[in-house]
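Sequential numbering of the sequence shown, starting at 1, is according to my numbering. All C-beta atoms in this analysis are idealised placements derived from N, C-alpha and C, irrespective of residue type, glycine included. Please read these numbers as outputs of a predicted model, since none were measured by experiment. Report on the structure given below.
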Amino acid sequence: MNPTIRVLIADDHPLFREGMRGRLDRVADIAVVGEAASGDEAVELAKELEPEVVLMDIKMPGLNGIEATRQIQQASPHIGVLVLTMFEDDDSVFAAMRAGAKGYLLKDSGGEGGVHAIRAVASGEAVFGPGVAERIMGFFSAPRRAPLRAFPELTEREEEVLSLVAQGKSNQEIARQLFVSVKTVRNHVSNILLKLQVADRAQAVIRARDAGIGQGRV
């Protein structure tokens with residue numbers, strides 16, 4: 001016989017909690033050990049009852065389901081949170097994932113889908129309903145936009161020179177590394193100082209390191 005999966009239901013609607021409890025009470029390997037009507041209560045009961053799975057609504061009074069999920073994961077990362085909600089917008093889905101939710105289903109997924117998801121989350125798997133899975137796949141398959149550059153006013157070569165300057169390299173070292181003349185490096189450095197509106201090399205280094213450029217060498 002499979003070990004019993006202890007489940008905490010967190011939802012501010014009494015009728016939903018009652019219906020979910022009635023549905024799960026008929027499943028041999030699942031036991032509802034508690035109900036929470038708010039995010040704050042869900043966090044407290046998760047600490048007290050140590051369930052394997054928390055069924056978490058998103059919109060609840062006080063602490064919302066996303067923040068409750070985050071706090072539960074921080075305190076008890078072994079507890080699997082399965083978001084069960086009416087919301088499938090991108091913000092809600094990805095906020096729940098960032099908070100540590102192991103699954104995300106819509107409330108109209110059906111009884112068998114919910115039971116399967118509970119078992120999967122309890123065993124350490126990640127579970128997402130069909131519509132949610134499509135959103136996630138769409139996000140990761142979408143063309144990636146080029147990352148924002150720290151100093152768009154600089155050319156790519158000037159930014160490369162700035163990185164080397166910030167690493168403490170001399171003009172001669174930069175010239176050797178980039179296979180250009182020292183005069184060319186000096187011209188790049190002059191353009192960098194002008195475009196960044198700094199007085200000297202030291203100030204350029206400070207600007208670069210503040211932007212996370214050239215920190216590969218101290």
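Reduced DSSP secondary structure (H/G/I, E/B, other) of residue i
{"i": "residue 128", "result": "strand"}
{"i": "residue 184", "result": "helix"}
{"i": "residue 56", "result": "strand"}
{"i": "residue 36", "result": "strand"}
{"i": "residue 103", "result": "strand"}
{"i": "residue 202", "result": "helix"}
{"i": "residue 85", "result": "strand"}
{"i": "residue 189", "result": "helix"}
{"i": "residue 121", "result": "helix"}
{"i": "residue 194", "result": "helix"}
Own chain residues within Cβ distance below 7 Å of residue i, not counting five before or after
{"i": "residue 195", "result": "153 and 154"}
{"i": "residue 86", "result": "106 and 107"}
Sequence-distant residues of its chain with Cβ nearer than 6 Å to residue i (five each side left out)
{"i": "residue 98", "result": "none"}
{"i": "residue 42", "result": "10, 36 and 68"}
Own chain, CB closer than 8 Å to residue i, minus 5 neighbours either side, in chain order
{"i": "residue 53", "result": "5, 6, 7, 8, 79, 80, 81, 82, 118, 121 and 122"}
Cβ separation of residue i and residue j, assumed to be a contact under 8 Å, to the nearest whole Å
{"i": "residue 38", "j": "residue 14", "result": "Incorrect: roughly 12 Å between the Cβ atoms, too far for contact."}
{"i": "residue 192", "j": "residue 156", "result": "Actually they do not touch by this definition, with Cβ atoms about 12 Å apart."}
Residue i versus residue j - alpha carbon distance
{"i": "residue 201", "j": "residue 211", "result": "15 Å"}
{"i": "residue 65", "j": "residue 169", "result": "51 Å"}
{"i": "residue 84", "j": "residue 36", "result": "14 Å"}
{"i": "residue 56", "j": "residue 44", "result": "13 Å"}
{"i": "residue 103", "j": "residue 89", "result": "15 Å"}
{"i": "residue 50", "j": "residue 30", "result": "14 Å"}
{"i": "residue 174", "j": "residue 190", "result": "14 Å"}
{"i": "residue 160", "j": "residue 59", "result": "48 Å"}
beta-carbon residue i near the ligand NAP non-hydrogen atom, thresh 7 Å
{"i": "residue 124", "result": "As presented, the structure is devoid of all ligands, the ligand NAP included, so that no description of it is given."}
Three or more C-beta pairs under 8 Å: does that hold for the segment 63–73 against the segment 22–33? no
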